[in-house]
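**Student:**
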Amino acid sequence: MHARISAAGLSDIAEKLEAGVRLDFEDGVRLFEAPDLLAVGLLANHEREKRHAGRTYYNHNIRLEATNVCVASCLFCSFARLKPGDNGAYTMTLEQVWDRLRARNDQPLTEVHIVNGLHPDLPFSYYTELLRGLKEIRPDIHLKCFTAVEIAFFADLYGKTDEQVLLELKAAGLDSLPGGGAEIFAPRVRRKLAADKCDADRYLSIHRTAHRLGMRTNVTMLYGHVETYAERVDHLVRIRELQDETGGIQAFIPLAFHPDNNQMRKLPAPSATDSLRVHAVGRLMLDNVPHIKAYWIATGVEVAQTALWFGVNDLDGTVQEETIYHMAGSKTPNAMTPRQLERLILAAGREPLERDTLYNVIEKAPAPSAPEAFSITH
Ligand code: V47
-19 MHARISAAGL SDIAEKLEAG VRLDFEDGVR LFEAPDLLAV GLLANHEREK RHAGRTYYNH
41 NIRLEATNVC VASCLFCSFA RLKPGDNGAY TMTLEQVWDR LRARNDQPLT EVHIVNGLHP
101 DLPFSYYTEL LRGLKEIRPD IHLKCFTAVE IAFFADLYGK TDEQVLLELK AAGLDSLPGG
161 GAEIFAPRVR RKLAADKCDA DRYLSIHRTA HRLGMRTNVT MLYGHVETYA ERVDHLVRIR
221 ELQDETGGIQ AFIPLAFHPD NNQMRKLPAP SATDSLRVHA VGRLMLDNVP HIKAYWIATG
281 VEVAQTALWF GVNDLDGTVQ EETIYHMAGS KTPNAMTPRQ LERLILAAGR EPLERDTLYN
341 VIEKAPAPSA PEAFSITH
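Laid out in structure tokens, this is it:
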């Protein structure tokens, strides 16, 4: 065993991992409390390499947010506007949404990721038509749309069951659910931050139903605000329990809290070291979730790159047109080309692989030999 791990007092956890014994709640809290970040990182990297060696996935996607009108008033959100007509509120027409995809007809995108506000006045047909139109423009594109919180909202607003909503959206072209809206499951924090969102049980139950209907999903965790270590671990354990039941979760994505322009702006943003640790502990606790993804828009490019040695094996993505984080103060660029992502992964000493949403590797022609500057504009 690495001397660093025993010096950090983590030998028993390392032994469990070696023997394939699942870490328990107290182990999770200790991993957050252990001062030696590199010891935690070593453990997480070992687990990462057992599953994926140096392989690191990225995907070629766009983000679309069709409306920011939202009846919920989550304290951390800088994106939502309460009502149509409020300063900065927008709702795209379907043609405007479709035009965003049409404008990228020449790009080999594989995924459209849509997260919207909870708009109280749109008909359900807005969403089904939106999906149908996108599939008409690009029949082979994967539609990863609407968080479980949106699905719960649709069910309540339109008088349907969660399952009916999922079935109707699936019939219109929905392929999988993104992981947004999870925030922190623990009721103390959820009530404080996101009181009018569906609770953790409903969030998880919608993912369970989506899995039963043959869809894959992702799960996130918003960290670095008022949550305790125990509440982080509780969140991870709840994800692990659902995954034991269904196996339908593809990726866990920690989301670093951004404090600008929202009601929690007095809080500092999480530190780089905390971000690295959250990704690492995610890898160590979630022994049954295949992919730990760094969302570089949230963590910053440099931390996402470093996280490739702290348990992360996946980077999202080219992510064009993102607004949620940029309205909350993210200084990252809002898009990277596949080539830039590859260079970032290679520069970290890892092996880049472009994937589709379901983690099928996309075979590519060899890259041109002429060097292309790796430049990110801030
Ligand atoms: O649910 C909102 C978060 C999420 C802030 O599934 C904030 O592949 C930090 O879920 N600071 C939406 N976070 C984004 C999301 C996501 C991102 C990347 C990949 C996937 C996936 C999902 O953004 C929201 C909320 O948790 N968020 N405001 C903020 N100020």
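With this note's numbering applied, the sequence shown covers -19 to 358. The C-beta atom is built at its ideal place from N, Cα and C for all residues, glycine as well.
What separation, rounded to the nearest whole angstrom, lies between the Cα atoms of G97 and N268?
**Tutor:** Reading the sequence shown from its first residue, position 117 is the one you call residue 97. Reading the sequence shown from its first residue, position 288 is the one you call residue 268. One C-alpha to the other measures close to 31 Å.
**Student:** So E91 is in the beta strand (DSSP E); what residue range does that whole segment cover?
**Tutor:** Locating residue 91 in the sequence shown gives position 111, counting from the first residue. From DSSP, the beta strand (DSSP E) with E91 extends over E91 to I94.
**Student:** Within 6 Å: the Cβ of N293 and any heavy atom of the ligand V47?
**Tutor:** As a working mapping, residue 293 is identified with position 313 in the sequence shown. No, the Cβ of N293 stays beyond 6 Å of every heavy atom of the ligand V47.
**Student:** Provide the residue span of the beta strand (DSSP E) that contains R43, from first to last.
**Tutor:** Position 63 of the sequence shown, counting from 1, holds the residue named residue 43. First-last of the beta strand (DSSP E) with R43: N41 to L44.
**Student:** Compare the beta carbon distance of V20 and A260 with 7 Å and say whether it is the shorter of the two.
**Tutor:** In the sequence shown, residue 20 corresponds to position 40, counting from 1. In the sequence shown, residue 260 corresponds to position 280, counting from 1. Cβ atoms of V20 and A260: closer than 7 Å.
**Student:** If you check the beta carbons only, do I121 and R82 fall under 7 Å apart?
**Tutor:** As a first step, residue 121 must be located in the sequence shown, where it is residue number 141. As a first step, residue 82 must be located in the sequence shown, where it is residue number 102. Cβ atoms of I121 and R82: not closer than 7 Å.
**Student:** Mind checking who V366 pairs with in its DSSP beta bridge?
**Tutor:** Examination of residue 366 is not possible in this model, given that the chain is present from -19 through 358 alone.
**Student:** On the three-state DSSP scale, how would you describe T317?
**Tutor:** Residue numbering aside, residue 317 sits at position 337 when the sequence shown is read from its first letter. If DSSP states are grouped into helix, strand and coil, T317 belongs with coil.
**Student:** Any heavy atom of the ligand V47 closer than 6 Å to the CB of S58?
**Tutor:** In the sequence shown, counting from the first residue as 1, residue 58 sits at position 78. S58 Cβ: within cutoff of the ligand V47.
**Student:** Ordered along the chain, which non-local residues of its own chain (more than five positions away) have a Cβ less than 7 Å from that of R257?
**Tutor:** For the purposes of this step, residue 257 is taken as residue 277 along the sequence shown, with counting starting at 1. Within the same chain, R257 has close Cβ partners F12, L17 and V20.
**Student:** Look at the alpha carbon of I(-7) and the alpha carbon of A252, and state the distance between them as a whole number of angstroms.
**Tutor:** In the sequence shown, residue -7 corresponds to position 13, counting from 1. In the sequence shown, residue 252 corresponds to position 272, counting from 1. The straight-line gap from Cα to Cα measures roughly 24 Å.
**Student:** From the DSSP output, which residues share a beta bridge with L264?
**Tutor:** For this step, residue 264 is matched to residue 284 along the sequence shown. BP columns for L264 are empty, so no partner.
**Student:** Using only the alpha-carbon positions, how far apart do E352 and V281 sit?
**Tutor:** To locate residue 352, count along the sequence shown from 1; it is residue 372. To locate residue 281, count along the sequence shown from 1; it is residue 301. Bear in mind that a pLDDT of 46 at E352, under 50, signals an unreliable position, so the number given afterwards is only what the model happens to contain. Answer to the nearest angstrom: the Cα atoms are 18 Å apart.
**Student:** Using 7 Å as the limit for Cβ to Cβ distance, is D254 near chain B?
**Tutor:** Protein chains in the displayed structure number just one, and chain B is not present.
**Student:** Relative to the alpha-carbon of A236, which residue among G204, R218 and A210 has its alpha-carbon at the smallest distance?
**Tutor:** Locating residue 236 in the sequence shown gives position 256, where the first residue counts as 1. The candidate whose alpha carbon is nearest that of A236 is G204.
**Student:** At a cut-off of 6 Å, would you count V169 as near the ligand MN, judging by its Cβ distance to the nearest heavy atom?
**Tutor:** Of the ligands one can find in the structure shown, namely the ligand V47, none is the ligand MN.
**Student:** Using a 10 Å radius around the Cβ and a threshold of 16 neighbouring Cβ atoms, would you call A350 buried or exposed?
**Tutor:** Walking along the sequence shown from the start, residue 350 turns up at place 370. Only weak support exists for where A350 lies, its pLDDT of 44 falling under 50; the coordinates are left without a value.
**Student:** Sort C54, G0 and N314 by Cα distance to C178 and report the nearest one.
**Tutor:** For the purposes of this step, residue 178 is identified with residue 198 of the sequence shown, where counting begins at 1. C178 has its Cα closest to that of C54, out of C54, G0 and N314.
**Student:** Assuming K273 and L288 form a contact by the criterion Cβ under 8 Å, report the distance between their Cβ atoms to the nearest whole angstrom.
**Tutor:** Numbered from 1 along the sequence shown, position 293 holds the residue referred to as residue 273. Numbered from 1 along the sequence shown, position 308 holds the residue referred to as residue 288. Not quite, the Cβ-Cβ distance comes to about 11 Å (not below 8 Å), so this is no contact.
**Student:** Considering only residues of the segment 283 to 329, which uninterrupted alpha helix (DSSP H) runs meet the minimum length of 4 residues and lie entirely inside it, listed in chain order?
**Tutor:** Entirely contained in the segment 283 to 329, the alpha helix (DSSP H) runs reaching 4 residues are, in chain order, 304 to 307 and 318 to 327.
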